[in-house]
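Chains as they are written, first to last, in my numbering: chain S, 40 to 296; chain V, 396 to 540.
Positions of the beta carbon are idealized from the N, C-alpha and C atoms, including for glycine.
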Amino acid sequence: MFFAGGCESCHITPGQIDPLQLGGGLKLRTPFGSFYPPNISNDRDFAIGAWSDVDLANALLSGVSPKGEHLYPAFPYTSYQHMMPSDVADLIAFLRTLPAVPGRPPAHRLHFPFSVRRGIGLWKLLFFENAGLPSDPRQSAEWNLGRYLVEGPGHCGECHTPRNLLGAMKRHLRLTGAPVPDGKGNAPNLTQSLAKWTDADIVEALSSGFTPDGDVLGGGMAGVVRNLAELPKSDLEAIATYLKSLPPLGRPSSAKP
Amino acid sequence: MKRLVLLLMTLSVCGAGGVWAADAIAQRRALMHDDGIAAKKLFDMSKGTIPFDLAVVQASLKTLANGAEKTPALFPDDSKTGGGTAALPAIWQNKPDFNARFTKFSKDVAEALAKINDEASFKAVAPKVFENCGGCHELYKAKSS
């Protein structure tokens with residue numbers, strides 16, 4: 040679950056390569072300012088070492104801290120809200136086994152009015168439903184697993200779905216491509232650019248990075264591939280099944296995946 | 396006559412030393428495109444999806460060697476944008492690392508060429524060549540449009 044959720048892609052301590060050192064502080068540039076993901080290691084003073092399981096589940100599923108503050112939706116609880124309770128429990132149990140990393144990353148540097156944390160409550164009223172993801176009985180079990188991984192823990196849409204002026208994902212343009220949060224290029228439109236790819240091509244690209252035209256997935260996706268390579272092949276096949284089922288929407292991206 | 400000599404000299408200096416930005420982008424993209432085709436063949440062979448063929452391996456590695464040798468010179472300061480380039484500004488911020496990665500890539504390809512003489516040696520050495528691709532693309536390449 041840790042790798043499906045890609046926790047370390049944002050929370051890793053920058054400047055070192057161990058994905059299990061989660062000191063936080065990697066800068067995420069957005070139109071609202073810069074976010075610095077927090078320390079989610081097991082340190083009791085600086086991180087989540089002293090949080091209860093319920094605290095952690097609340098943060099993951101509802102975007103609320105133990106003090107009752109709203110968390111900024113740069114933390115993808117907008118996707119994690121769909122996670123199954125058993126997966127949340129597994130993830131929490133795993134996070135508990137990781138080393139403590141002391142230190143506090145810089146505070147977020149956001150533009151007014153986004154710097155006012157209370158505003159997130161209003162934002163959540165508008166854009167956050169805090170819901171699970173009931174499976175679709177008309178589709179196969181594999182498709183449903185793929186959708187769960189893509190829309191829930193994998194939070195693919197957080198980069199690949201365009202956002203509105205208030206930074207919420209445009210549901211009707213799901214996975215149709217968007218500028219990526221590290222400020223490097225665009226995440227391609229997954230409803231169109233995969234048209235010529237086979238399911239096996241998608242599985243290959245998600246596990247080794249190699250695309251059918253001999254390219255290697257670059258930018259932020261390289262880290263995602265490192266994570267997804269840890270998943271069983273059946274999970275990647277399910278993701279491929281779901282992605283291939285998406286009807287073409289939005290603008291064709293000039294960026295190839 | 397004097398003017399003609401001057402003109403020829405100017406042209407030859409341009410030809411030898413200067414690479415026009417648009418040309419540089421087109422050239423490096425063409426080289427990378429060829430690298431991609433070659434890498435794809437090697438990769439499929441290492442996976443066993445196409446049969447092993449020593450001649451194809453050697454030709455593909457030579458393509459990669461050519462790319463690794465010529466590509467790093469094709470990133471002049473005025474070729475940061477345009478022409479559909481996916482190059483990131485990080486290239487020009489970390490030129491020494493960027494060039495060092497190409498040097499290592501060249502070395503790994505040359506070693507592979509020297510060592511691979513059958514399917515077993517190919518399967519042993521190929522991953523060392525592939526690991527170069529991802530490392531560079533992660534830091535220095537992203538589609539921007």
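Practice task
With DSSP collapsed to three states, give me the class of Arg93(S).
Solution key: According to the sequence shown, residue 93(S) is Val rather than Arg. When DSSP states are grouped into helix, strand and coil, Val93(S) belongs to the helix group.
Exercise for the section: Could you check the C-alpha separation between Phe151(S) and Pro115(S) for me, to the nearest Å? Expected result: 21 Å
Practice task
Scan the segment 431-451 of chain V for residues whose Cβ lies nearer than 7 Å to a Cβ of chain S and list them as they occur along the chain.
Solution key: Gly431, Ile432, Ala434, Lys435, Phe438
Practice task
Check Gly431(V) in the structure and name its three-state DSSP category.
Solution key: helix
Exercise for the section: List the endpoints of the continuous beta strand (DSSP E) containing Gly72(S). Expected result: Where Gly72(S) is concerned, the enclosing beta strand (DSSP E) stretches over 72-74.
Exercise for the section: Within its chain, find whatever has a CB closer than 6 Å to the CB of Pro296(S); leave out the 5 residues flanking it on each side and keep chain order. Expected result: Interpretation of Pro296(S) is limited by its pLDDT of 47, a score under 50 that renders its predicted location unreliable; no figure is taken from the coordinates.
Handout entry: Every unbroken alpha helix (DSSP H) within the segment 470-526 of chain V, with a cutoff of 4 residues, ordered by chain
Key = 485-488, 490-510
Handout entry: For Gln60(S), the nearest candidate out of Leu67(S), Cys49(S), Tyr75(S), Arg177(S) (CA to CA)
Key = Cys49(S)
Problem - Where Arg135(S) falls: helix, strand or coil (DSSP) - result: helix
Problem - Best match in Asp439(V), Ala454(V), Ile445(V) for proximity to Asn512(V) [C-alpha to C-alpha] - result: Ala454(V)
Problem - Thr29(S): first and last residue of the uninterrupted beta strand (DSSP E) it sits in - result: The question about residue 29(S) has no answer here: the residues shown for chain S are numbered 40 through 296.
Problem - the segment 175-184 of chain S in contact with the segment 121-132 of chain S per 3-pair CB rule at 8 Å - result: No: the two stretches stay apart, fewer than three of their Cβ pairs being nearer than 8 Å.
Problem - Cβ-based contacts, 9 Å cut-off: residues of the segment 255-276 of chain S near chain V - result: Against chain V - using a Cβ distance shorter than 9 Å - the residues of the segment 255-276 of chain S are Val255, Leu256, Gly257, Gly258, Gly259, Met260, Ala261, Gly262, Val264, Arg265.
Practice task
Below 8 Å on the Cβ atoms is my guess for Pro144(S) versus Pro76(S); work out the distance and round it to an integer in Å.
Solution key: 7 Å
Exercise for the section: Evaluate contact between the segment 420-430 of chain V and the segment 472-487 of chain V, counting only Cβ atoms and requiring at least three cross-stretch pairs below 8 Å. Expected result: yes
Exercise for the section: Report buried or exposed for Ser474(V), applying the criterion of at least 16 other Cβ atoms within 10 angstroms of its Cβ. Expected result: buried
Practice task
Determine the contact status of Asp238(S) and Lys272(S), defining contact as a CB-CB distance below 8 Å.
Solution key: no
Practice task
Give me the Cα-Cα distance between Met260(S) and Phe167(S), rounded to the nearest whole angstrom.
Solution key: 26 Å
Handout entry: Closest Cα partner of Ala419(V) within the set Ala450(V), Ala433(V), Lys465(V)
Key = Lys465(V)
Exercise for the section: Identify the contact partners of Asp252(S) in chain V, using a Cβ-Cβ distance below 9 Å as the criterion. Expected result: Correct list: His428, Gly431, Ile432, Lys435.
Exercise for the section: Please say whether Asn527(V) and Lys510(V) have beta carbons closer to each other than 8 Å? Expected result: no
Practice task
Indicate the three-state DSSP secondary structure (helix, strand or coil) for Arg290(S) in the structure shown.
Solution key: Reduced to three states, the DSSP call for Arg290(S) is coil.
Exercise for the section: Indicate the three-state DSSP secondary structure (helix, strand or coil) for Val255(S) in the structure shown. Expected result: strand
Problem - Contact belief for Gly431(V) with Asp240(S) at Cβ below 8 Å, rounded distance in angstroms - result: The Cβ separation is near 14 Å, so there is no contact.
Handout entry: Coarse secondary structure for His109(S), derived from DSSP in three states
Key = strand
Practice task
Locate the alpha helix (DSSP H) running through Lys536(V), then write down its first and last residues.
Solution key: No alpha helix (DSSP H) contains Lys536(V), which DSSP labels as neither H nor E.
Problem - Cβ neighbour criterion (16 or more within 10 Å) applied to Trp236(S) - result: Its Cβ being crowded by 16 or more others within 10 Å, Trp236(S) is buried.
Practice task
Measure the alpha-carbon distance for Ser247(S) versus Gly64(S) and round it to whole angstroms.
Solution key: 27 Å
Problem - Where Phe166(S) meets chain A, residues with beta-carbon distance less than 8 Å - result: Looking for chain A here will not work: the only protein chains present are S and V.
Handout entry: Contacting residues, own chain, Cβ-Cβ under 7 Å from Asp82(S) (five flanking each side not counted)
Key = Gly88, Ala139, Val140, Pro141
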